[in-house]
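Residues in the sequence shown are numbered consecutively from 10, following my numbering.
Glycine is no exception: its CB is placed at the ideal position from the N, C-alpha and C atoms.
The structure appears right after this line, and notes come after that.
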Amino acid sequence: MKVVILHNDFRVFWRGRLSYLQTFLGSKGISFYAVELFGEGSPYTFDIYEDTDGSWHTCLFPHNSSEDIAKKEIEKALLTELDRLNADIIIGPSIVFYAGALGLRWAKKNKRKFIMFDDARHLQVKRNFLVQWIKDKLIKQADGLWFPSEDYKKDYAYFHRKGIYFFYGYNCVDNQLFKFDGEKKLDNNVIVCVARLVPIKNIDNLLKAWQLVEQKNSDYKLVIIGDGPLYQDLIKLKGDLNLKKASFVGAVANGDIPAHFSQADALILASLSETWGLVVNEAMAGGLPLLLSSNINANQALLAEAENGFSFNPFDINGMSEAILSFIGLRIEIKRKMSACSSTMIDSMSYERMGAQLIDALMVIDKKKIRRPGPIAFALLNLWAGQYNKTGWYK
């Protein structure tokens, strides 16, 4: 069996997953190839493109972003590469994107199987009736849907009823990189936030909540890791709020994040919306209890209320401060139990678990009858080539 995975770019979290899957699937006799479209243009601007291993991993436009290339050129390059690789199963992102739309088109034209991965909940993005109908019509042509966790099943129940195979677990990180040696220290009096400094990360409300925390507890520090267009505005807001125990350390290399986690007692993420939030996985692997916005998708799968942390409404500043103070006020023994709970829970979202679930899915999908598109779906497949919409990156 030959499997090809496609994406707009394989930055940061994907690199480790791909390396693991290439080795793991190879050990099972499955040929695995990765094709990314663009070497430039990514929300992870701190992560510089690296040359790929051309034997199994290639980038079609290594020195360009999507804006630099005409749609027809993107379409031609990707379809030509898929013809060359001639895989049995294509794995790609949502059909909203070039890689997903064109991967699905190639698969159906060549009577091959297609698996779509997605971490956005189906109802999170509001579309008009016609656009949603077209998107649903295209998704129905997929042979499998790959989600981060089982709680996504209810959001996509319509497609499950249509006979599409569901499986889970791709939103994982290399847990071993973040594991700590010995007992996790939880007396650092530090709560850490790792986020891009853009409006959707809600750092302004976090600072306002922290002002209430400082009024009731002056011992704890808030450390914010990350950079972005709001950096100077947030520094000014910190001054306006007269915060004494909040600091910004700027962008930090991913390899240095574990050291920051080792010096913290909990992770806080206050986002107004988050399709997943992989820093949550990283923090849990590092033994951190969680303080999470209820609008973060990882919240539903990875936060057990009062067992490994607390949830809050990101629009409610008082509620956010109360969640923080609830954690601060816990006895050290309870914080240690929360830490252990985070570590145990995240073991279920590992590279090993991802590989096992994927290979089981490949075996099942390979044996299933090919889903053949009807005339309307086939016409839509040939009309829609996808896009690379970046408008949400800086909201």
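Assuming contact is defined by CB atoms lying nearer than 8 Å, are L147 and L389 in contact in what I supplied? L389 sits close to L147, with the two beta carbons spaced by under 8 Å.
Helix, strand or coil for F175 per DSSP? Correct three-state label for F175: strand.
Determine the burial state of S64: buried for a count of at least 16 other Cβ atoms within 10 Å of its Cβ, exposed for fewer. It is exposed - the Cβ of S64 has fewer than 16 other Cβ atoms within 10 Å.
Within 8 Å, strictly: CB atoms of T284 and A129: A contact, by the Cβ cut-off of 8 Å.
Looking at the unbroken beta strand (DSSP E) that takes in G153, where does it start and where does it end? For G153, the enclosing beta strand (DSSP E) starts and ends at G153 to F156.
Quick check: I374 and D152, are their CB atoms within less than 8 Å of each other? Contact: yes.
Buried or exposed for R8, please, with buried defined as at least 16 other CB atoms from any protein chain shown within 10 angstroms of its CB. The shown model of the chain, from 10 to 404, leaves out residue 8, and the question about it has no answer.
Determine the extent of the beta strand (DSSP E) in which S101 is found, giving its start and end residues. Going by the sequence as given, residue 101 is Gly instead of Ser. I98 to G101 is the extent of the beta strand (DSSP E) around G101.
Any idea what DSSP makes of S359, helix, strand or coil? DSSP places S359 outside both helix and strand once states are collapsed to three, so it counts as coil.
Is P157 near N184, with beta carbons less than 8 Å apart? Using a Cβ distance threshold of 8 Å, P157 and N184 do not count as a contacting pair.
For I212, which of helix, strand or coil comes out of DSSP? Of the three classes helix, strand and coil, the one that applies to I212 here is helix, per DSSP.
If you scan the stretch 283 to 351 from start to end, which runs of the beta strand (DSSP E) of 3 or more residues do you find wholly inside it? Within the stretch 283 to 351, the complete beta strand (DSSP E) runs of at least 3 residues are 299 to 302 and 318 to 321.
Do L312 and L297 have their C-beta atoms within less than 8 Å of each other? At least 8 Å separates the beta-carbon of L312 from that of L297.
C-alpha gap between Y403 and K378, whole angstroms: With a pLDDT of 46 at Y403, under the threshold of 50, the predicted position of this residue should be treated as unreliable, and no value is reported.
Which first and last residues belong to the alpha helix (DSSP H) in which L34 is found? DSSP places L34 in the uninterrupted alpha helix (DSSP H) bounded by F22 to S36.
Alpha-carbon spacing of L213 relative to A315, whole angstroms: Residue identity check: residue 213 is Asp in the sequence provided, not Leu. D213 and A315: Cα-Cα distance of roughly 25 Å.
Output the boundary residues of the alpha helix (DSSP H) element that contains L91. That run of the alpha helix (DSSP H) goes K80 to L94.
Reference G237, options N290, N95, V258 and F70, closest by Cα: Among N290, N95, V258 and F70, the Cα nearest to that of G237 belongs to V258.
What number of angstroms, rounded off, separates the C-alpha of D97 from the C-alpha of N17? Between D97 and N17, the C-alpha separation is close to 21 Å.
Nearest-angstrom Cα distance between F22 and V203? One C-alpha to the other measures close to 15 Å.
Assuming A218 and M329 make a contact with CB atoms under 8 Å, what is their CB distance in whole Å? Between M329 and A218 the Cβ distance is about 4 Å, and since that is below 8 Å, they are a contact.
Beta-carbon spacing of A279, N211 below 8 Å: Yes, these two residues count as a Cβ contact at 8 Å.
Is the number of C-beta pairs between the stretch 341 to 355 and the stretch 292 to 309 that are closer than 8 Å three or more? With a cut-off of 8 Å, the stretch 292 to 309 and the stretch 341 to 355 count as touching, because enough Cβ pairs lie within range.
Just confirm the distance between the C-beta atoms of Q220 and L250, as a whole number of angstroms; I'd bet it's less than 8 Å. In this structure, Q220 and L250 form a Cβ contact; the two beta carbons are roughly 5 Å apart against a cut-off of 8 Å.
Return yes when the Cβ of K188 is within less than 8 Å of the Cβ of F175, no when it is not. No. Outside cutoff.
Could you tell me which residues DSSP pairs with I124 in its beta bridges? Answer is I100 and G153, bridged to I124.
C-alpha gap between P382 and I368, whole angstroms: Using only the alpha carbons, I get a separation of about 25 Å.
Residue burial classification, I244 (beta-carbon count within 10 angstroms, cutoff 16): Classification of I244: exposed, given that the 10 Å Cβ count is below 16.
In its own chain, which residues sit with a C-beta less than 7 Å from the C-beta of L195, not counting the 5 before and 5 after it? Same-chain partners within the cutoff: D274, I341, K344, R345 and S348.
Is it buried or exposed for D127, if we count other Cβ within 10 angstroms and need 16 for buried? Buried, since its Cβ has 16 or more Cβ neighbours within 10 Å.
Mind checking which residues open and close the alpha helix (DSSP H) that includes K163? No alpha helix (DSSP H) holds K163; DSSP gives it neither H nor E.
Cutting at 7 Å between CB atoms, please list the residues of its own chain near N317, excluding the five before and the five after it. Around N317: P298, L299, M347, C350, S351 and M354.
Using a Cβ-Cβ cutoff of less than 8 Å, which residues in the same chain neighbour N198 once the five nearest sequence positions on both sides are dropped? Cβ neighbours of N198 within its own chain (closer than 8 Å, five residues either side excluded): D228, Y229, K230 and D274.
Pull the bridge partners of A276 from the DSSP assignment, please. One detail in the question is off: residue 276 reads as Leu in this sequence, not Ala. Beta-bridge pairing by DSSP links L276 to V201 and L299.
Nonlocal neighbours in the same chain, by C-beta distance under 6 Å from S103, ignoring five residues either side: Contacts found: G109 and D127.
Can you tell me whether DSSP reads V258 as helix, strand or coil? V258: strand per DSSP, three-state reduction.
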